[in-house]
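Taking full-length UniProt numbering, the leading residue of the sequence shown gets 1, the next gets one more, and so forth.
We put the beta carbon where it would ideally sit given N, CA and C, even for glycine.
Worksheet for the structure shown next.
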Amino acid sequence: MKRARTIAWIKGLVAIVVTAVVFLVPFAFVLLQAAKTPDDASNLTFSWPTHWQFFQNLRDVLATNDGLIWRAFANSAILTVGSVTIMVILAAMVGYVLQRKASRLNPVINFFVLAGLIVPPAVVPTIWLLQGVGLFKTMFGMILVEATFGLSFCILLFRAFVGTIPRELDEAAVLDGAGPIRLFFRVILPLLRPVIVTVIVVQAVAVFNDFAGPLYFLPGDENATVQLTLYQFQGQNLSFYNLLFMDILLITIPPLVAYIFFNRQIVAGLTSGAVKG
Numbered sequence: 001m002k003r004a005r006t007i008a009w010i011k012g013l014v015a016i017v018v019t020a021v022v023f024l025v026p027f028a029f030v031l032l033q034a035a036k037t038p039d040d041a042s043n044l045t046f047s048w049p050t051h052w053q054f055f056q057n058l059r060d061v062l063a064t065n066d067g068l069i070w071r072a073f074a075n076s077a078i079l080t081v082g083s084v085t086i087m088v089i090l091a092a093m094v095g096y097v098l099q100r101k102a103s104r105l106n107p108v109i110n111f112f113v114l115a116g117l118i119v120p121p122a123v124v125p126t127i128w129l130l131q132g133v134g135l136f137k138t139m140f141g142m143i144l145v146e147a148t149f150g151l152s153f154c155i156l157l158f159r160a161f162v163g164t165i166p167r168e169l170d171e172a173a174v175l176d177g178a179g180p181i182r183l184f185f186r187v188i189l190p191l192l193r194p195v196i197v198t199v200i201v202v203q204a205v206a207v208f209n210d211f212a213g214p215l216y217f218l219p220g221d222e223n224a225t226v227q228l229t230l231y232q233f234q235g236q237n238l239s240f241y242n243l244l245f246m247d248i249l250l251i252t253i254p255p256l257v258a259y260i261f262f263n264r265q266i267v268a269g270l271t272s273g274a275v276k277g
């Protein structure tokens, strides 16, 4: 018994050390670079700053390019909220129908859902399609693109979770006179709260951190997202690494806070579908 406790304690200690190396060391490196002068930061060494100018770097980043980062945070917030809202509503509906309603089309739909996870995004055809419908370089078009990219993963999560909900609830609601819309929004959707939280957090972080999507489909400073602001501080001839790492630090804070507060809900939502279905 004592030996088992010792082994468990050693495993826990190893897990803590590995976590510190993988997550805390890179974060500490970013934090130190963000507090250095331009000359010190250009060396890209893991060392203590010779002269601390953390708040000066922070002010410079917030004021660069007429405060572009403020507009970028607003654009990223709009993009994240809009796309995640579409993902949650559509994925919940599709997952419920696929799990509850047997149809000849289900294998075909499942094939396209899985294809959405496997097949890489086609940039040029997507740009051509957005131009054809007049949504290229628009926030609404970018919201649709992000929602489409994340929809397959969300559908799989919702479908697995719906499988854990007893069918008797559906039958009881129908006997009480509930139609399909009322059945879904008044009975099923409130029960999907754990997986909804998981989808919101996971996909919000993914959309917020997306770099390639806005770069291809939403060009222009007026449409810049937080990830594209990194271009401001790195060029072919001159790079301000202290400001670059300060920008990275600011971009890292929102996803980090989301993970700290919702990590248990994320794990619960990802594993709940494994019970049944």
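Taking the alpha-carbon positions, what's the residue 258 to residue 251 distance? Taking the sequence shown and counting its residues from 1, one reaches residue 258 at position 258. Taking the sequence shown and counting its residues from 1, one reaches residue 251 at position 251. Each residue's Cα considered, the two are about 12 angstroms apart.
Is the CB-CB distance between residue 248 and residue 30 below 9 angstroms? For the purposes of this step, residue 248 is identified with residue 248 of the sequence shown, where counting begins at 1. For the purposes of this step, residue 30 is identified with residue 30 of the sequence shown, where counting begins at 1. Cβ distance < 9 angstroms, so residue 248 and residue 30 count as in contact.
Which of helix, strand or coil does DSSP assign to residue 239? The count along the sequence shown starts at 1 and reaches residue 239 at position 239. Three-state DSSP puts residue 239 in a strand.
Suppose the cutoff is 6 angstroms on Cβ atoms and the five residues either side in sequence are ignored; what does the same chain contact list for residue 42 look like? Residue mapping note: residue 42 aligns to position 42 of the sequence shown, counting from 1. Excluding the 5 residues flanking it on each side, residue 42 has same chain C-beta neighbours closer than 6 angstroms at 241, in chain order.
Quick check: the Cα distance between residue 277 and residue 171, rounded to an integer number of angstroms? Start at 1 with the first residue of the sequence shown, and residue 277 comes out as number 277. Start at 1 with the first residue of the sequence shown, and residue 171 comes out as number 171. Any reading at residue 277 needs caution, since the residue's pLDDT is 41, under 50, leaving its predicted position unreliable; the model's value is listed next. In a straight line, the C-alpha of residue 277 is about 18 angstroms away from that of residue 171.
With 16 other CB atoms within 10 Å as the buried threshold, where does residue 28 fall? On the sequence shown, position 28 is the one that residue 28 refers to. Exposed, since its Cβ has fewer than 16 Cβ neighbours within 10 Å.
Closest to residue 98 by CA distance: which of 144, 121 and 156 is it? Position 98 of the sequence shown holds residue 98. Here the closest residue by C-alpha is 156.
Hey, how far is the Cα of residue 144 from the Cα of residue 26? Within the sequence shown, the letter at position 144 stands for residue 144. Within the sequence shown, the letter at position 26 stands for residue 26. If I take the Cα positions, the gap works out to 33 angstroms.
Going by C-alpha to C-alpha distance, which of 38, 37, 33 and 52 sits closest to residue 45? For this step, residue 45 is matched to residue 45 along the sequence shown. When only C-alpha atoms are compared, the closest one is 33.
Spell out whether any CB of chain D is found under 9 angstroms from the CB atom of residue 185. Although the question refers to chain D, the structure presented lacks it and comprises just one protein chain.
Are the Cβ atoms of residue 60 and residue 50 separated by less than 9 angstroms? The residue labelled residue 60 in the question sits at position 60 within the sequence shown. The residue labelled residue 50 in the question sits at position 50 within the sequence shown. No, they are not a contact pair.
Confirm, please, whether the CB-CB distance from residue 153 to residue 96 is below 9 angstroms. Taking the first residue of the sequence shown as 1, we reach residue 96 at position 96. Taking the first residue of the sequence shown as 1, we reach residue 153 at position 153. Cβ distance not < 9 angstroms, so residue 96 and residue 153 don't count as in contact.
Count the other CB atoms, across all protein chains shown, that sit within 10 Å of the CB of residue 118; report buried if there are 16 or more and exposed otherwise. What you label residue 118 is simply residue 118 of the sequence shown in a count that begins at 1. Exposed, by the Cβ-count rule.
Selected residue, minimal CA-CA separation from residue 160, among 196, 63, 239 and 213: As a working mapping, residue 160 is identified with position 160 in the sequence shown. Residue 196 is the option with its Cα nearest to residue 160.
Assigned secondary structure, residue 234 (DSSP; H/G/I helix, E/B strand, else coil): Against the sequence shown, residue 234 aligns to sequence position 234. Here residue 234 sits in strand by DSSP.
Excluding the 5 residues preceding and the 5 following residue 100 in the sequence, name in chain order all residues of the same chain whose CB lies nearer than 8 angstroms to its CB. For the purposes of this step, residue 100 is identified with residue 100 of the sequence shown, where counting begins at 1. Beyond the five residues adjoining it in sequence on each side, residue 100 comes within less than 8 angstroms, by CB distance, of 162, 167 and 170 in the same chain, given in chain order.
Could you check what DSSP says for residue 176 in three-state terms: helix, strand or coil? Position 176 of the sequence shown, counting from 1, holds the residue named residue 176. Residue 176: coil per DSSP, three-state reduction.
Is it the case that the stretch 110-130 contacts the stretch 55-71, given that we only count it when at least three CB pairs across the two stretches are under 8 angstroms? Between the stretch 55-71 and the stretch 110-130, the count of C-beta pairs closer than 8 angstroms stays below three; the two stretches do not touch.
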